[in-house]
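Visitor: In UniProt numbering, the protein residues as written are 440 to 849.
Note that the Cβ used here is the ideal one computed from N, Cα and C, for glycine as well.
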Ligand code: CTP
């Protein structure tokens with residue numbers, strides 16, 4: 440309707456200027472190329488919710504490749520990548536942003552040198568292949584229809600009624616990552632599942648649909664969840680629904696219940712991850728590591744966490760503890776400092792370390808007559824430990840003790 444179109448134009452007018460300019464460039468290119476072009480997916484959803492996002496996705500009715508090339512003429516700093524196999528193109532910009540172009544008609548070549556085969560389908564089919572109704576809307580960008588909402592599947596109504604509803608019964612079978620996406624969107628927007636979607640989700644979990652999913656794609660989706668502000672609530676659903684049990688093969692002791700959930704907002708991804716595994720036994724964490732494919736930083740931190748936790752179970756001197764904490768990643772120490780079993784020990788050691796005010800260094804020791812070699816490190820360690828244990832509390836005392844050790848070595 441005209442009123443609806445005006446609402447959308449108003450929302451577009453609130454977008455940052457560079458995004459508006461980009462949409463106008465798309466509009467003008469569509470005019471020149473004589474094709475129809477639509478904004479689709481998450482951008483439309485978030486625009487209607489008045490929380491616009493960065494990622495722009497377009498669908499072109501016509502040749503996507505030709506359209507992308509024509510659009511490039513208006514984007515001097517863009518870089519075009521075409522994925523013929525998938526019928527998509529991407530234009531990326533120096534600031535790291537990018538836009539994606541899919542097409543309802545794409546030429547592909549069955550063998551090199553063959554004539555292009557043209558496959559045609561329409562926007563309606565493109566939208567029907569998507570996951571949820573709220574992600575299946577499009578906004579036309581052609582001049583005469585600029586701002587017109589295309590909503591074949593009731594996306595707007597579900598947005599208003601705050602429902603996550605899949606588009607068709609096979610949605611989760613086609614692509615099991617959608618099970619995780621459903622949970623992510625539900626909690627991100629604080630929506631509910633439509634009844635049939637909830638039922639389908641449970642059926643999918645019970646019938647083992649997840650086994651079709653690769654470890655890589657599963658991990659990718661899980662990490663997207665850990666990046667969400669509301670990841671704790673999402674994690675609780677993953678546990679309660681049995682989805683995690685279905686994937687990991689057993690009930691792991693995930694920790695998504697925090698006394699003070701607000702503090703998790705400031706945590707990095709690694710910190711969130713470590714806290715979530717903090718109530719698992721070592722064997723559980725090891726089993727978990729076999730069922731996910733973490734990037735190096737997360738994997739290394741998880742292993743450092745396991746190692747440090749094992750070491751802290753044994754009695755340690757303040758000096759040994761200090762050395763262990765110093766060589767562990769900061770987030771691993773922070774995560775273990777929240778564990779009731781180690782809290783006192785770790786904070787005690789960190790506080791003692793703060794009182795250290797060492798002025799002695801290797802150079803000073805050499806001037807005092809110590810030969811270059813491992814002894815220098817040993818003496819510095821002794822001095823540091825003496826500070827930690829409160830045996831030294833000033834530079835004078837430090838000098839005195841160091842001299843004594845140096846003399847005793849002679
Ligand atoms: N999509 C889908 N099934 C998937 C992934 C994506 O149908 N497994 C469709 C949806 O229409 C989605 C669009 O592709 O809106 C873009 O996907 P993506 O960028 O991953 O998601 P967004 O909806 O933009 O969500 P986010 O805000 O998390 O980026």
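Starting from residue 721, trace the beta strand (DSSP E) in both directions and tell me its first and last residue.
Guide: Careful: residue 721 lies outside any beta strand (DSSP E), inside the alpha helix (DSSP H) at 721-729.
Visitor: Relative to the C-alpha of residue 665, which residue among 733, 530, 786, 524 is closest?
Guide: Among 733, 530, 786, 524, the Cα nearest to that of residue 665 belongs to 733.
Visitor: Based on DSSP bridge pairs, tell me the residues matched to residue 571.
Guide: Looking at the DSSP output, residue 571 sits in a beta bridge with 605.
Visitor: Taking all protein chains shown into account, do 16 or more other C-beta atoms lie within 10 angstroms of the C-beta of residue 490, making it buried, or fewer, making it exposed?
Guide: exposed
Visitor: Alpha carbon to alpha carbon, what distance is there between residue 573 and residue 567?
Guide: 12 angstroms
Visitor: Among 769, 835, 808, whose alpha-carbon lies nearest the alpha-carbon of residue 796?
Guide: 835
Visitor: Which of the three DSSP states is assigned to residue 781 in this structure?
Guide: coil
Visitor: So what does DSSP say about residue 922, is it helix, strand or coil?
Guide: Since the first and last residues shown for the chain are 440 and 849, residue 922 lies out of range.
Visitor: Quick one, are the C-beta atoms of residue 499 and residue 531 less than 8 angstroms apart?
Guide: no
Visitor: Taking only three categories from DSSP, how would you classify residue 555?
Guide: Any reading at residue 555 must be qualified, since the residue scores a pLDDT of 48, below 50, and its modelled position is unreliable; the value itself is stated next. DSSP places residue 555 in coil when its eight states are reduced to three.
Visitor: Taking the alpha carbon of residue 651 as the point to measure from, which residue in 686, 701, 570, 518 has its own alpha carbon closest?
Guide: By alpha-carbon distance to residue 651, the top candidate from 686, 701, 570, 518 is 686.
Visitor: Check whether the Cβ atoms of residue 476 and residue 497 lie closer than 8 angstroms to each other.
Guide: yes
Visitor: Kindly indicate which residue of 623, 710, 825 has the alpha-carbon position closest to the one of residue 769.
Guide: Per the Cα distances, 710.
Visitor: So what's residue 489 in DSSP terms, helix, strand or just coil?
Guide: Coil at residue 489, not helix or strand.
Visitor: Just verifying my parser: in three-state terms, what is the DSSP assignment at residue 542?
Guide: Of the three classes helix, strand and coil, the one that applies to residue 542 here is strand, per DSSP.
Visitor: Considering only residues of the same chain and omitting the five flanking positions on each side of residue 677, which have a CB-CB separation below 7 angstroms?
Guide: Around residue 677: 622, 683.
Visitor: Would you call the CB atoms of residue 488 and residue 598 closer than 8 angstroms?
Guide: Yes, the Cβ-Cβ distance between residue 488 and residue 598 is below 8 angstroms.
Visitor: Please name the residue in 584, 569, 772 whose C-alpha comes closest to that of residue 604.
Guide: Closest by C-alpha distance to residue 604, out of 584, 569, 772, is 569.
Visitor: Would you mind reading off the limits of the alpha helix (DSSP H) that contains residue 714?
Guide: Looking at the DSSP string, the run of the alpha helix (DSSP H) that includes residue 714 is 708-715.
Visitor: Are the beta-carbon atoms of residue 805 and residue 811 separated by less than 8 angstroms?
Guide: yes
Visitor: Rounded to whole angstroms, what is the Cα-Cα separation between residue 563 and residue 577?
Guide: 10 angstroms
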